[in-house]
Structures are given as structure tokens and as C-alpha cells.
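Visitor: If you scroll down you'll find the structure; I have some questions about it.
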Amino acid sequence: MLYQRIVLKAAAALAMLLCALAARADIVIGQTSGFTGQVKGSVEELSLGAKLYLDFVNAGGGVNGQRIRLVQLDDKFDPRLAAANAEALIVKEGALALFLTRGTPHTQAVLPHLAKHRVPLIAPSTGAMVLHQPPHPYVFNVRATYQREAMRAIEHLGVIGLSRVAVLHVKDSFGADAVLGALKGFENIGKSPVVVHEFERENPAFSGVASKVMHTHAQAVLIIGSATAVVDATKAIRTAGSSAQIVTLSNNASGAFIKQMGENARGTIVTQVFPYERASGPRFVRHALELAKGRGNTELSPAMLEGFAAAKVLVEAIKRAGRSPTRASLLSALEGMQRLDIGGLELSYSPTDHTGFDFVDLSIIAADGRFTR
Numbered sequence: 001m002l003y004q005r006i007v008l009k010a011a012a013a014l015a016m017l018l019c020a021l022a023a024r025a026d027i028v029i030g031q032t033s034g035f036t037g038q039v040k041g042s043v044e045e046l047s048l049g050a051k052l053y054l055d056f057v058n059a060g061g062g063v064n065g066q067r068i069r070l071v072q073l074d075d076k077f078d079p080r081l082a083a084a085n086a087e088a089l090i091v092k093e094g095a096l097a098l099f100l101t102r103g104t105p106h107t108q109a110v111l112p113h114l115a116k117h118r119v120p121l122i123a124p125s126t127g128a129m130v131l132h133q134p135p136h137p138y139v140f141n142v143r144a145t146y147q148r149e150a151m152r153a154i155e156h157l158g159v160i161g162l163s164r165v166a167v168l169h170v171k172d173s174f175g176a177d178a179v180l181g182a183l184k185g186f187e188n189i190g191k192s193p194v195v196v197h198e199f200e201r202e203n204p205a206f207s208g209v210a211s212k213v214m215h216t217h218a219q220a221v222l223i224i225g226s227a228t229a230v231v232d233a234t235k236a237i238r239t240a241g242s243s244a245q246i247v248t249l250s251n252n253a254s255g256a257f258i259k260q261m262g263e264n265a266r267g268t269i270v271t272q273v274f275p276y277e278r279a280s281g282p283r284f285v286r287h288a289l290e291l292a293k294g295r296g297n298t299e300l301s302p303a304m305l306e307g308f309a310a311a312k313v314l315v316e317a318i319k320r321a322g323r324s325p326t327r328a329s330l331l332s333a334l335e336g337m338q339r340l341d342i343g344g345l346e347l348s349y350s351p352t353d354h355t356g357f358d359f360v361d362l363s364i365i366a367a368d369g370r371f372t373r
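Taking the UniProt record's numbering, the leading residue of the sequence shown gets 1, the next gets one more, and so forth.
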């Protein structure tokens, strides 16, 4: 009997120790994104913005005493590798959720793995309509759709009198989606594009369409593609002799994009899905800038602000998922999230609405090489 009591006490002590260790275990969040390849610069800025807030939370003790550990895998902007990374993050790393994927076809490649393992994806950095309508049960967006951005851009061009507009878009699900918004914009202003051209995602050629842009006397060109594609298309358009206004979407709202554009950056219009990164009004902008300065960064980029906002939503969801969050409790917390104020922007989710914020604005790259509004 004495031996049995000793064994039972030892087992109880071990169980308590294991529970205590489990309570202190890291909360693993997985991210697959193009840390190398065409979108390297913007991905780095998105991740830096997210880490500003995650590091701040961890420095304060984490969530319920648990640190948030962001495990990042490079998918080289390849959808097939994004899918493989998602499976590895979910199964091998035991990720509670996936976070901040980058790219429309890349995020679509991840979706089957979310459904298979019932894992939420929070804040994909894509405005693909397919992730909004109908709402995907495991995807929770934080940013407006590309269709809304493209429509707003075309409407703005119409307002300022630029009615002869060409549209160049990448040949993938991102391009096919965003061009629908552009066409809606043309419909709203009673105009038609002078050129609509689809280009390959890998190794696109722009000399032929640049000549068309020149000969149709296009006043503006909306380019829907990666930073590298916009840079190359702009060079070709300028080489062909056109001075058309260049416009692109928020997937290129990064300091890295401005550097890549070089001398062609000035005057480029870029749509934005978060408030002005140099505005003093929104509290979450001020907080992000304060934390960035602590890291030696005197300024924010729009991409950094997107990552920061995404991390705030992620952390709040984890807080609401209970002291020992599971994938199921996190999903429930997300769908019940109502009127979350992250410091100047308000977000709500429900079982029938996973859109998040719906903010859209326009910026232009000024002579000093910064976005201005």
C-alpha cells in the first residue's frame, strides 16, 4: 500500500509538472511566404511589422504566460512550395494557426491544408475576392480586396481626367481577380480600357505591349503584378516613349518597391489598404512607429503597417481563445470577434463575414522617394 501511494504521488507530481510545462510552452504560429524571390522586399517589411508587435507582446510575458513563436518558411514565391510549407508548419511544427501568407495563388494552394487540419489562416497578404466571397471557413482577412483597390484606382483616374487607360495584368488568379475590379471601375466612369494585356508570371515580356501603350496614346497604365513585373513594365513603357501615369496596387506598397523602381518611382500611384503610415492620428500607427524607432527604424512603410495590424488581430484572437488555446477555440474566438478596435481601425468577424478591414486609399511616390497622400 505504501508503495502504491508513493507511485500515485509521483504520478500526480509528474502530471502537474507536465501541465505546468505545457502551460509555459510556446504558442507556435506558422508563416510561409516569399522571403526570397520576386516579393522578397515587401515580405521582409510585412514580417518586420508583425514582429514589432509580437516581440512587444512577448517582452510583456506573452499571452497568458505563453510566448508566441513565429516559425517562418521560405516558399520562394512558388505556390507549390507554399502548399508543402503549410503542411510542414501544421503537422511537424504543430502550428496553432497560419499567418501572413503572401500572394493569391500561393494562399489558394494553402487552402486544402487548412480544411484538412481545421487550422485558421489569419491575415493573408492578398486581397483576392475568392478569400472574401463566399467567406472561407478557415481564412480571416484583415485587408480590403484587390477588386475594390483596382476599381478605386480607375475611378480616380477618371476624376482627374485621365480617361485613356491601359491595363496590364499578370496571368494568374491574382491578375484575373484584380482586373475585374478595374473593369467595374471603367463601367462606373463610362469608359473602356484602350489596352488590356495579360502577361506571364514568370519571365514576362513587355516590349510589344509597351509599343501598344504608346500608339494608343494611353494617359495612364494600371499594372497588376509583382514589384519586379511593374518595374520591368514601366521601363519598357518609358523606353517606348510613353509618359503615361503608372498605377499599381497595394501589393507593391513597400519601400523595397520604391527602390526597385529607381528613377521611375517618382509620380507612381499606389493604392493603399491602411491609413497613412506617417499620420499622427491613428493610435496603432503611433504605437508601431514608437516600436520601430526602438529598433532603429525612423519610419514605417505601408507593408510594415499591414504586418503590424495583422499581428494585433492575431494576438487578440489568441487572447480570446482561452488559457490553453486550440485550433478549434481560436476559430471560435475569431468568428465571435466583434468591433475590435486596434487603435483607429475597427474590425468585426462573423460566421458569414471574414473580410476584416475595408479601408482603401491612394498614395503617390514623391520626389523624396516616399509615399505621400
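Ideal Cβ placement from N, Cα and C applies to all residues, glycine included.
Relative to the alpha-carbon of F357, which residue among S363, A367, E346, I365 has its alpha-carbon at the smallest distance?
Guide: E346
Visitor: Report the start-end ranges of each beta strand (DSSP E) in the segment 170-232 that is 3 residues or longer and not cut off at the edges.
Guide: Within the segment 170-232, the complete beta strand (DSSP E) runs of at least 3 residues are 195-199, 220-224.
Visitor: Would I365 pass as a contact of A220 if the rule is Cβ separation under 8 Å?
Guide: no
Visitor: Return the bridge partner residues of Q245 from the DSSP annotation.
Guide: A220
Visitor: Could you check where the beta strand (DSSP E) with F99 kicks off and where it finishes?
Guide: 97-99
Visitor: Determine the DSSP secondary structure at R148, reduced to helix, strand or coil.
Guide: helix
Visitor: If you follow the alpha helix (DSSP H) that T104 is in, where does it begin and where does it stop?
Guide: 104-117
Visitor: Excluding the five sequence neighbours on either side, which residues of its own chain have a C-beta within less than 8 Å of the C-beta of C19, listed in chain order?
Guide: For C19, the predicted model reports a pLDDT of 47, less than 50, meaning its position is unreliable; a value from the coordinates is still stated below. Closer than 8 Å at Cβ, skipping near neighbours: no residue.
Visitor: Could you tell me if P134 is buried or exposed, where buried requires 16 or more neighbouring beta carbons within 10 angstroms of its beta carbon?
Guide: With fewer than 16 other Cβ atoms within 10 Å, it is exposed.
Visitor: What three-state label does DSSP hand F371 in the structure shown?
Guide: Under the three-state reduction of DSSP, F371 is assigned to strand.
Visitor: Going straight from the alpha carbon of V130 to that of I224, what length do you get?
Guide: 17 Å
Visitor: For S363, I'd like the list of residues in its chain whose CB is within less than 6 Å of its CB, leaving aside the five on either flank, ordered along the chain.
Guide: V270, Q272, F371, R373
Visitor: So F56 and L291 are in contact, right, with Cβ under 8 Å, and what is the actual spacing, rounded?
Guide: 6 Å
Visitor: Where does L300 fall in DSSP's three states?
Guide: coil
Visitor: What is the DSSP secondary structure of D361, counted as helix, strand or coil?
Guide: strand
Visitor: On the criterion of 16 or more Cβ atoms from any shown chain inside 10 Å, does D368 qualify as buried, or is it exposed?
Guide: exposed
Visitor: Taking the alpha carbon of R201 as the reference point, which residue from A333, P79, A328 has its own alpha carbon closest?
Guide: Minimum Cα distance to R201 is reached at P79.
Visitor: Based on the DSSP secondary-structure assignment, which residues constitute the bridge partners of E346?
Guide: Bridge partners of E346: D341.
Visitor: Quick one: is N85 buried, meaning 16 or more other Cβ sit within 10 Å of its Cβ, or exposed?
Guide: buried
Visitor: Pick from G34, S207, R152: whose alpha carbon is nearest that of L73?
Guide: G34
Visitor: The beta strand (DSSP E) spanning I258 covers which residue range?
Guide: Element bounds for I258: not the beta strand (DSSP E) but the alpha helix (DSSP H), 255-261.
Visitor: Figure out for me which residue from A97, M151, L314 has the closest Cα to the Cα of V28.
Guide: A97
Visitor: With C-beta atoms as the reference, is A288 less than 8 Å away from R118?
Guide: No. Outside cutoff.
Visitor: Could you spell out the range, first to last residue, of the alpha helix (DSSP H) harbouring residue 388?
Guide: Limits of the chain in this structure are 1 at one end and 373 at the other, which puts residue 388 out of reach.
Visitor: Please state if the CB of N64 and the CB of R323 are separated by a distance shorter than 8 Å.
Guide: Their beta carbons are under 8 Å apart, which means R323 touches N64 by this criterion.
Visitor: When the Cα of E169 is compared with those of P282, A205, T268, which residue comes out closest?
Guide: Going by the sequence as given, residue 169 is His instead of Glu. Out of P282, A205, T268, A205 has the C-alpha closest to the C-alpha of H169.
Visitor: Quick one: what does DSSP say G307 is sitting in, helix, strand or coil?
Guide: helix
Visitor: In the DSSP assignment, what residue or residues form a beta bridge with L168?
Guide: H197, I223
Visitor: Quick one: residues in its chain with C-beta nearer than 7 Å to the C-beta of S207, no 5 flanking neighbours on either side, listed in chain order?
Guide: A236
Visitor: Put residue 413 into one of helix, strand or coil per three-state DSSP.
Guide: With the chain represented from 1 up to 373, any question about residue 413 goes unanswered, as that position is not in the structure.
Visitor: Give me the residue from G158, D177, V159 with the minimum Cα distance to Y146.
Guide: D177
Visitor: Are the Cβ atoms of S254 and G41 separated by less than 8 Å?
Guide: yes
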